[in-house]
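Respectively, the protein sequence lines represent chains A and S.
Per our numbering, the very first residue in the first sequence carries number 5; after that it's consecutive.
Per our numbering, the very first residue in the second sequence carries number 44; after that it's consecutive.
The beta-carbon is built from N, C-alpha and C at its ideal position, and this holds for glycine as well.
Here is the structure we will look at.
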Amino acid sequence: MAFLAPLFAVTALAQSPTNIFAPAATPAHSIFGLSMLVLSVTFGIFLVVGGLLLYALIRYRHRPTDSDHEPAQIYGSNQIELSWTVIPILIVVMLFLTTTRVILRTEAIPKPDNTMDVTVIGHQFWWEYRYPKLGIVTANELHIPTSDKANPKPTYLTMSSADVSHSFWVPRLAGKMDVIPNRVNTMWIDPPDAGLYLGQCAQYCGTQHAKMLLRVYAQSPEDFAAWASQQQKPAQQDFTGNPTAAAGQTVFMHNACINCHTVKGTVATGRFGPDLTHLAIRDTIAAGAVQNNPENLRRWIDDPNTMKPGSLMPAMHLNDHDLDLITAYLTQLH
Amino acid sequence: MATPVLEAIDQTQAPPQGPPRPNVIYTWLTTVDHKKIGLMYIAYALVFLLVGGVEAILMRIQLAVPNNHFISPQVFNQLFTMHGTTMVFFVGMPILFGFGNYLVPLMIGARDMAFPRLNAFSFWVSAFAGLLLYFSYFGASGLYAAGSAPDVGWFAYAPLTAKVFSPGHSTDYWTLAVFLSGVGSIGTALNIVTTILCMRCKGMKMSRMPLLPWLYLVMASLVFVAVSPLTAAQIMLTLDRYIGSHFFDTQAGGSAVLWMHFFWIFGHPEVYVLVLPAFAFVNEIVPVFSRKAMFGYPAMVAASVSIGFISLSVWAHHMFTVGLGAAGNTFFVFATMVISVPTGIKIFNWLATIWGGKVIFATPMMFCVGFLFQFLIAGLTGIMLSAAPFDWQLGNSYFVVAHFHYVLVGSILFAIFGAFYYWYPKVTGKMMSETLGKWHFWLFLIGFHLTFDFMHVPGLLGMPRRIYTYEAGRGWGGWNLIVGIGAIFQVAGLLFFVYNLVRSYYRGKEAGHDPWDAWTLEWAVPSPPPVYNFAIEPTVNSRRPLWDLKHPEDPDSDYE
Numbered sequence: 005m006a007f008l009a010p011l012f013a014v015t016a017l018a019q020s021p022t023n024i025f026a027p028a029a030t031p032a033h034s035i036f037g038l039s040m041l042v043l044s045v046t047f048g049i050f051l052v053v054g055g056l057l058l059y060a061l062i063r064y065r066h067r068p069t070d071s072d073h074e075p076a077q078i079y080g081s082n083q084i085e086l087s088w089t090v091i092p093i094l095i096v097v098m099l100f101l102t103t104t105r106v107i108l109r110t111e112a113i114p115k116p117d118n119t120m121d122v123t124v125i126g127h128q129f130w131w132e133y134r135y136p137k138l139g140i141v142t143a144n145e146l147h148i149p150t151s152d153k154a155n156p157k158p159t160y161l162t163m164s165s166a167d168v169s170h171s172f173w174v175p176r177l178a179g180k181m182d183v184i185p186n187r188v189n190t191m192w193i194d195p196p197d198a199g200l201y202l203g204q205c206a207q208y209c210g211t212q213h214a215k216m217l218l219r220v221y222a223q224s225p226e227d228f229a230a231w232a233s234q235q236q237k238p239a240q241q242d243f244t245g246n247p248t249a250a251a252g253q254t255v256f257m258h259n260a261c262i263n264c265h266t267v268k269g270t271v272a273t274g275r276f277g278p279d280l281t282h283l284a285i286r287d288t289i290a291a292g293a294v295q296n297n298p299e300n301l302r303r304w305i306d307d308p309n310t311m312k313p314g315s316l317m318p319a320m321h322l323n324d325h326d327l328d329l330i331t332a333y334l335t336q337l338h
Numbered sequence: 044m045a046t047p048v049l050e051a052i053d054q055t056q057a058p059p060q061g062p063p064r065p066n067v068i069y070t071w072l073t074t075v076d077h078k079k080i081g082l083m084y085i086a087y088a089l090v091f092l093l094v095g096g097v098e099a100i101l102m103r104i105q106l107a108v109p110n111n112h113f114i115s116p117q118v119f120n121q122l123f124t125m126h127g128t129t130m131v132f133f134v135g136m137p138i139l140f141g142f143g144n145y146l147v148p149l150m151i152g153a154r155d156m157a158f159p160r161l162n163a164f165s166f167w168v169s170a171f172a173g174l175l176l177y178f179s180y181f182g183a184s185g186l187y188a189a190g191s192a193p194d195v196g197w198f199a200y201a202p203l204t205a206k207v208f209s210p211g212h213s214t215d216y217w218t219l220a221v222f223l224s225g226v227g228s229i230g231t232a233l234n235i236v237t238t239i240l241c242m243r244c245k246g247m248k249m250s251r252m253p254l255l256p257w258l259y260l261v262m263a264s265l266v267f268v269a270v271s272p273l274t275a276a277q278i279m280l281t282l283d284r285y286i287g288s289h290f291f292d293t294q295a296g297g298s299a300v301l302w303m304h305f306f307w308i309f310g311h312p313e314v315y316v317l318v319l320p321a322f323a324f325v326n327e328i329v330p331v332f333s334r335k336a337m338f339g340y341p342a343m344v345a346a347s348v349s350i351g352f353i354s355l356s357v358w359a360h361h362m363f364t365v366g367l368g369a370a371g372n373t374f375f376v377f378a379t380m381v382i383s384v385p386t387g388i389k390i391f392n393w394l395a396t397i398w399g400g401k402v403i404f405a406t407p408m409m410f411c412v413g414f415l416f417q418f419l420i421a422g423l424t425g426i427m428l429s430a431a432p433f434d435w436q437l438g439n440s441y442f443v444v445a446h447f448h449y450v451l452v453g454s455i456l457f458a459i460f461g462a463f464y465y466w467y468p469k470v471t472g473k474m475m476s477e478t479l480g481k482w483h484f485w486l487f488l489i490g491f492h493l494t495f496d497f498m499h500v501p502g503l504l505g506m507p508r509r510i511y512t513y514e515a516g517r518g519w520g521g522w523n524l525i526v527g528i529g530a531i532f533q534v535a536g537l538l539f540f541v542y543n544l545v546r547s548y549y550r551g552k553e554a555g556h557d558p559w560d561a562w563t564l565e566w567a568v569p570s571p572p573p574v575y576n577f578a579i580e581p582t583v584n585s586r587r588p589l590w591d592l593k594h595p596e597d598p599d600s601d602y603e
């Protein structure tokens with residue numbers, strides 16, 4: 005019965021990029037602290053109550069040698085009832101006050117001036133990220149600067165949805181926050197260490213909820229600045245020396261691609277699908293579902309349903325030649 | 044002191060063996076007898092339990108290993124929607140209404156429910172609702188969705204249910220089924236409340252009523268308050284889908300959060316609607332098999348009633364991640380934590396009832412012992428989830444799934460199994476096999492713990508619920524495999540249960556009136572009870588009329 009306690013311990017040691025017991029930013033640390041307190045209190049209660057229950061069951065079991073008499077009938081005791089009402093109330097008050105402190109520390113602190121602001125927009129089944137102060141629009145891979153005590157630069161996420169409800173959950177950085185249409189939610193993260201933090205949509209949002217993955221790249225301020233300046237540029241358009249990519253660009257711009265996708269500086273200004281201006285810089289496509297390499301990209305354009313059935317991007321029914329050309333073009337969008 | 048119950052026993056005759064019996068099917072279809080309706084509720088729920096169980100197993104096969112292609116995402120999404128909807132509306136509610144229907148009149152010394160025809164109506168409406176839900180597999184084909192079951196999740200969050208995101212008719216089948224099930228539930232709840240308030244036998248003051256009817260009174264009252272908003276919300280959703288209203292239509296200024304409030308003001312009290320009857324079974328079984336009166340009867344009643352009231356103010360703990368703000372979250376943290384106080388009182392009183400008794404480990408008691416430990420753990424993981432920031436991590440993860448299955452399976456289903464073994468002799472006149480019962484208990488216990496203990500772990504490792512597959516690198520694979528293996532043991536246990544149910548009916552030992560040497564009125568009538576239950580209305584002087592009868596030298600009535 006007491007399997008559960010060791011399981012918590014095992015979890016703390018388990019290797020997973022999304023372990024909630026491996027916090028890497030302030031909100032996740034606050035929650036971790038609270039969770040340790042709650043776990044100790046509940047484990048204590050389990051030992052006491054479970055122990056008493058086990059003792060009573062063994063000590064007062066019916067034995068073959070027992071007399072036939074019924075045991076003494078005891079109907080209750082107000083003193084005892086009072087004690088096991090008051091003690092739990094005290095525990096509840098203690099837990100409540102501690103919990104409130106963490107809620108206030110996370111949800112009710114004023115926003116500092118020097119933040120990195122990102123607008124997060126949930127879509128079926130991908131993430132749109134907009135940096136209003138930097139003029140950047142990107143998708144699925146969120147880049148943020150690291151933030152440490154000496155040089156605090158927390159990232160503030162302002163979140164809403166273009167269609168149904170989603171939830172933004174990167175367990176090592178913070179708890180989840182729902183991304184709801186017609187409503188604006190906010191949260192903040194401030195990882196001090198550079199690295200890739202994984203997560204995924206945590207509110208069922210339709211067929212491909214499972215492959216609406218989150219990737220947060222925390223970068224040193226220098227690396228982040230370099231990434232941002234590259235993102236601010238318009239898309240690569242000069243393909244001299246690469247006739248395949250140039251031809252691919254023509255095919256792309258003459259197909260329905262441009263109705264849904266934006267490639268900054270071209271006629272492609274669609275907003276329904278992810279911005280592709282700097283697609284080639286990203287590590288993954290299909291909201292983190294597969295690696296971004298020419299082979300996967302080609303398969304994706306041919307028919308997204310082979311990788312992510314239910315994806316809202318239609319199969320484009322292009323011939324092999326056009327597929328090769330478009331793939332060649334997209335891989336050049338650095 | 045006079046023991047008028049004796050007269051009831053003496054004069055109650057076995058059902059008359061009349062001339063040619065009417066057609067069996069006709070009898071059951073047209074019956075208004077609370078016992079027959081109760082049994083139909085239970086049989087109907089067991090069929091759906093089988094269906095919901097198969098759905099669960101298909102999902103576990105799909106999730107057993109990473110990147111599995113056993114079933115498609117569309118089918119998986121239908122499976123978890125149908126599994127949740129089936130288990131809550133077409134297994135949990137009907138099976139508990141079934142036991143309530145059967146037991147409440149017998150335990151309060153009444154001949155039937157207050158409104159027998161309403162009772163039959165409610166059952167048949169609920170039964171129709173279940174069939175309607177499953178007919179979606181054939182009938183939901185509209186222009187877009189060809190023969191598809193609902194796939195919006197059992198809490199069907201707006202705006203995923205809007206026409207634009209859920210074309211075709213699968214969501215309509217879900218909406219109508221839940222609506223009709225709500226109508227049936229409200230009818231039965233009305234019946235239970237009226238029966239308990241108006242039809243108790245002579246001498247049975249509220250303060251002498253057994254705890255089972257008390258808990259059913261609280262449960263049925265909660266159904267009024269909780270199921271009505273859900274039923275109303277189904278109408279609003281249908282209006283949104285068909286005549287262009289904008290309650291939940293976010294693209295026209297409607298509110299997704301409004302649906303969440305409607306759903307969870309139903310959804311959380313619903314947990315107590317399901318768990319209070321489970322408490323009720325344990326309240327009857329634990330004292331009898333500890334050979335002691337219930338410890339702290341008034342405290343148990345007070346705790347149950349306060350659980351009923353407090354449960355109406357905790358719903359938004361399902362919405363800690365919605366962004367309600369610090370003030371809202373804090374309120375619901377407090378309300379949710381407070382409910383652990385009356386719940387704790389119940390556990391302590393069960394403990395005190397066992398303390399100093401002579402505990403007999405027959406199968407009904409074994410299941411109640413399982414219940415006590417598992418409900419304790421479910422309560423403690425509930426406290427973890429009630430701390431809102433912890434819930435920001437745990438909410439919508441597999442940890443939550445494990446937590447509420449600890450409540451629904453580890454607590455409620457275990458108590459229901461205990462109730463089956465305890466009251467089966469009363470219903471059929473035959474004892475269930477203890478040997479098969481022990482096999483059922485141990486296999487199911489092992490399976491339960493393999494599945495639901497280990498299911499907590501992937502949640503702590505960041506695995507959200509309702510995903511049809513996951514990557515290998517997340518460290519979730521092994522845990523999900525163990526969870527799936529546990530299901531095999533549970534199925535094996537269930538096979539013993541079903542075999543026991545059938546075999547005991549034909550080969551079981553004769554049970555007689557009162558095989559457990561119990562104390563409440565249902566054990567005063569023959570097994571199975573005659574159609575009219577009691578030949579004359581019994582009179583009671585205490586909470587345990589049969590104890591008074593068996594121990595005239597030391598009756599309860601001297602102490603109450």
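CB-CB length for residue i against residue j, believed under 8 Å
i	j	result
SER164 (chain A)	ARG134 (chain A)	That pair is no contact at about 11 Å.
GLY619 (chain S)	ASN296 (chain A)	As shown, chain S starts at 44 and ends at 603. That puts residue 619 (chain S) outside it, with no answer to give.
LEU146 (chain S)	LEU255 (chain S)	6 Å
LEU161 (chain S)	GLY230 (chain S)	5 Å
Continuous beta strand (DSSP E) stretch holding residue i: start and end
i	result
HIS73 (chain A)	Here HIS73 (chain A) belongs to no beta strand (DSSP E), and DSSP marks it neither H nor E.
SER164 (chain A)	159-165
GLY55 (chain A)	It is not in any beta strand (DSSP E) - GLY55 (chain A) instead sits in the alpha helix (DSSP H) that spans 30-63.
GLU565 (chain S)	Element bounds for GLU565 (chain S): n/a, residue is neither H nor E.
Where residue i falls: helix, strand or coil (DSSP)
i	result
PRO185 (chain A)	strand
VAL124 (chain A)	strand
GLY400 (chain S)	coil
PHE172 (chain A)	strand
THR142 (chain A)	strand
LEU202 (chain A)	strand
ILE382 (chain S)	coil
ALA188 (chain S)	With a pLDDT of 48 at ALA188 (chain S), under the threshold of 50, the modelled position of that residue is not reliable, and the figure given next carries that caveat. Coil, per DSSP.
GLN241 (chain A)	coil
GLU85 (chain A)	helix
LYS215 (chain A)	helix
GLU553 (chain S)	strand
THR150 (chain A)	coil
Proximity below 9 Å, CB of residue i to CB of residue j
i	j	result
VAL452 (chain S)	PHE495 (chain S)	yes
MET247 (chain S)	VAL583 (chain S)	yes
MET252 (chain S)	ALA323 (chain S)	no
SER333 (chain S)	LYS401 (chain S)	yes
SER429 (chain S)	SER383 (chain S)	yes
VAL236 (chain S)	LEU260 (chain S)	yes
6 Å Cβ shell around residue i - same chain, five flanking residues per side excluded
i	result
ALA201 (chain S)	PHE291, ALA299, TRP302
ALA229 (chain A)	none
ILE239 (chain S)	PRO256, LEU260
Cβ-based neighbour list, residue i, same chain, cut-off 8 Å, excluding 5 preceding and 5 following
i	result
PRO156 (chain A)	PRO116, ASN118, ASP194
ASP287 (chain A)	GLU145, ARG219, GLN295, ASN296
MET44 (chain S)	Its pLDDT being 40, under 50, MET44 (chain S) is placed unreliably in this model, and the coordinates cannot settle the point.
Span of the alpha helix (DSSP H) around residue i
i	result
LEU101 (chain S)	77-106
TRP131 (chain A)	Careful: TRP131 (chain A) lies outside any alpha helix (DSSP H), inside the beta strand (DSSP E) at 130-135.
PRO572 (chain S)	Here PRO572 (chain S) belongs to no alpha helix (DSSP H), and DSSP marks it neither H nor E.
Beta-carbon proximity list for residue i, same chain, < 7 Å, skipping 5 on both sides
i	result
LEU101 (chain S)	ILE114, LEU122
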